[in-house]
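**Q** According to the working numbering, the sequence shown is numbered sequentially starting from 14. Note that the Cβ used here is the ideal one computed from N, Cα and C, for glycine as well. The structure presented is a predicted model; accordingly, all values stated were derived computationally and were not measured. I am attaching a structure below and will ask some questions about it afterwards.
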Amino acid sequence: MIYADNAATTKISGAALDAMRLCMQEYYGNPSSLYSIGQKAKEMLEDCRSRAAACIGCEAKEIYFTSGGSEADNQAILSAAKLGEKKGKKHIISTAFEHHAVLHTLQALQKDGFEVTLLDVHENGIVHPQQVADAIRADTCLVTVMYANNEIGTVQPIAEIGAVCREKGVLFHTDAVQAAGHLPIDVGAQNIDMLSLSAHKFHGPRGAGILYAKKGVVLSSLIYGGAQERGKRAGTENLPAIAGMTVALEDACARMDANAAKLLPLRDRLIEGLQAIPYGALNGDAEQRLPGNVNFCFEGIEGESLLLLLDDKGICASSGSACTSGSLEPSHVLLAIGRPHEVAHGSLRLSLDEQTTAQEVEQMIAAVTDVVTYLRDMSPFWRDLVSGKRPHVFEK
Ligand SMILES: *Cc1c(COP(=O)(O)O)cnc(C)c1O
């Protein structure tokens with residue numbers, strides 16, 4: 014089996030699993046308890062906080078452990094909205110191709126009277142810092158722009174966007190869930206006030222994430238209860254998951270350059286191989302993209318059928334985000350970069366990791382080529398394209 018859906022989730026690493034097992038067996042005390050097994054767990058928790066902080070260049074007390082990326086995104090945005098509202102600032106800037114954890118939170122705020130500007134991400138899937146500068150108003154309380162897109166892998170000029178926000182005195186949050194462990198993060202140098210990450214996107218466990226909030230940014234709670242996480246996130250800490258996440262994050266950051274060096278030629282070979290299929294196109298900028306991300310649209314193809322036939326050939330792929338697969342709506346990300354509905358339905362995302370081999374890449378190229386040809390041969394829609402009844406969207 015070839016696992017090429019690492020943007021959806023990753024296999025847990027051996028080191029993360031070991032750290033989790035150790036916590037469950039040895040550090041099982043409640044970190045809030047005063048006896049020594051509790052305090053041992055507390056020490057482990059705070060050690061994880063310092064180590065995670067070191068990975069993104071912040072202080073330990075600026076790290077809040079959450080249940081994952083979605084929760085971190087929700088808390089960051091809702092906190093900034095609350096702070097803004099107190100000052101009469103109810104305008105938020107984001108982009109059209111954010112993860113639903115961001116977009117749906119913004120939609121909820123719109124119902125509460127917030128105004129949201131979603132910036133255009135252009136055909137290459139990249140937003141320009143100048144667009145952010147132009148969109149900022151006197152009543153803007155937050156800019157939230159993702160670091161790397163989860164479907165098409167495009168990488169945004171985060172440091173420059175952060176600089177614009179800092180200059181204008183507007184809070185800047187970035188959903189760095191796809192970037193963490195894959196691209197460098199330095200919240201100071203990149204002018205980031207709030208950042209979300211999630212363990213299961215870098216070989217850590219599901220159900221663990223981090224919200225970084227710069228000193229002075231007052232978070233509001235989504236969950237009320239005990240005083241855990243400096244009173245901002247109640248609930249007994251999920252220490253095994255936090256420990257697994259910390260080890261996975263350290264490993265991913267330590268191996269980042271080596272992993273990228275390994276992945277880039279594989280990614281580019283896969284892109285080259287798939288570009289040989291007629292009437293298809295790479296989605297998103299070819300260079301400013303995650304080292305493991307490949308995303309194509311093919312004319313005359315139904316993405317779901319493509320995925321099922323690839324599964325028959327032992328390849329785990331995706332049509333986009335896991336949250337939209339299974340629904341018949343075309344991806345909002347592909348629509349945001351201007352793909353028409355009929356090709357947005359024929360999308361394929363292959364997301365590699367450092368375990369992927371050159372031989373697997375060749376197998377993927379062959380399998381996708383076969384399946385696309387097979388599906389087109391059966392498709393009345395494709396026949397119309399070939400006969401000229403319908404115009405092609407892409408050049409051959
Ligand atoms: C996966 C993902 C999330 C959600 O993270 P969870 O830990 O699964 O809640 C948010 N944003 C992006 C960009 C993601 O890829």
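Give every residue of the same chain whose Cβ lies closer than 6 Å to the Cβ of R412, excluding the five residues on either side of it in the sequence, and list them in chain order.
**A** Examination of residue 412 is not possible in this model, given that the chain is present from 14 through 409 alone.
**Q** Are L131 and S107 close, meaning C-beta to C-beta below 7 Å?
**A** yes
**Q** Pick helix, strand or coil for S392, following the three-state DSSP scheme.
**A** S392: coil per DSSP, three-state reduction.
**Q** Return no unless some Cβ of chain B is closer than 7 Å to the Cβ of V177.
**A** Absent from the structure is chain B; it holds one protein chain and no more.
**Q** Would you report the Cα separation of P142 and V134, rounded to the nearest angstrom?
**A** P142 and V134: Cα-Cα distance of roughly 11 Å.
**Q** Give the range of the alpha helix (DSSP H) segment to which R246 is assigned.
**A** Where R246 is concerned, there is no enclosing alpha helix (DSSP H), because DSSP gives it neither an H nor an E.
**Q** Using only alpha-carbon positions, find the residue among I165, M37, R219, A226 that is nearest to G201.
**A** Among I165, M37, R219, A226, the Cα nearest to that of G201 belongs to A226.
**Q** Have a look at D147, L196, Q144 and flag the residue whose alpha-carbon is nearest the alpha-carbon of N476.
**A** Because residue 476 is not part of the residues shown, which for the chain are 14 to 409, the question remains open.
**Q** Rounded to the nearest angstrom, how far is the Cβ of I350 from that of E136, given a contact under 8 Å?
**A** 6 Å
**Q** Is there contact here, the segment 153-167 with the segment 97-117, by at least three beta-carbon pairs under 8 Å?
**A** With three or more CB-CB distances shorter than 8 Å, the segment 153-167 counts as touching the segment 97-117.
**Q** Per DSSP, V307 forms a beta bridge with which residues?
**A** Its beta-bridge partners are L363.
**Q** How should A299 be labelled, buried or exposed, when 16 other C-beta atoms within 10 angstroms of its C-beta is the threshold for buried?
**A** exposed
**Q** Considering just the uninterrupted stretch of the alpha helix (DSSP H) at S83, what are its terminal residues?
**A** Residues 82-99.
**Q** Determine whether the beta carbon atoms of G217 and M258 lie at a separation below 7 Å.
**A** Cβ atoms of G217 and M258: closer than 7 Å.
**Q** If you compare alpha carbons, which of G194, S80, A240, K102 is closest to A114?
**A** Considering only G194, S80, A240, K102, the residue with the shortest C-alpha distance to A114 is S80.
**Q** Among the candidates T369, I223, N308, A192, whose CA atom is the shortest distance from the CA of M207?
**A** I223
**Q** Between the beta-carbon of L252 and the beta-carbon of S318, is there less than 7 Å?
**A** no
**Q** What is the residue span of the alpha helix (DSSP H) that T259 lies within?
**A** 252-267
**Q** Taking all protein chains shown into account, do 16 or more other C-beta atoms lie within 10 angstroms of the C-beta of Y237, making it buried, or fewer, making it exposed?
**A** So Y237 ends up on the exposed side.
**Q** Is A73 helix, strand or coil by DSSP?
**A** helix
**Q** Please classify A192: does DSSP put it in a helix, a strand, or coil?
**A** If DSSP states are grouped into helix, strand and coil, A192 belongs with coil.
**Q** Report the start-end ranges of each beta strand (DSSP E) in the segment 156-233 that is 3 residues or longer and not cut off at the edges.
**A** 184-188, 207-211, 222-226
**Q** When the Cα of Q88 is compared with those of Q191, V385, A247, C178, which residue comes out closest?
**A** Of the listed residues, the one whose Cα sits closest to Q88 is A247.
**Q** Any idea if K245 is buried or exposed, counting beta-carbon neighbours within 10 angstroms, 16 or more meaning buried?
**A** buried
**Q** Output the distance between the C-alpha atoms of Y40 and I149, rounded to the nearest integer angstrom.
**A** 47 Å
**Q** L277 by DSSP, collapsed to three states: which one?
**A** Looking at L277 - three-state DSSP - the assignment turns out to be helix.
**Q** Using a threshold of 6 Å, is the CB atom of G82 nearer than that to any non-hydrogen atom of ligand 1?
**A** yes
**Q** So, under 8 Å CB-CB, G313 and R280 are touching, yes? Tell me the CB distance rounded to an integer number of Å.
**A** Incorrect: roughly 25 Å between the Cβ atoms, too far for contact.
**Q** Could you have a look at A294 and say whether DSSP puts it in helix, strand or coil?
**A** strand
**Q** Report whether the distance from the Cβ of G222 to the nearest heavy atom of ligand 1 is below 6 Å.
**A** Yes; taking the cut-off as 6 Å, the Cβ of G222 has a heavy atom of ligand 1 nearer than that.
**Q** Is the beta carbon of C310 closer than 7 Å to that of A330?
**A** no
**Q** Tell me where the beta strand (DSSP E) around S107 begins and ends.
**A** 104-108
**Q** Taking the straight line between their C-alpha atoms, what separation do you get for V381 and I284?
**A** 12 Å
**Q** Which of the three DSSP states is assigned to R302 in this structure?
**A** strand
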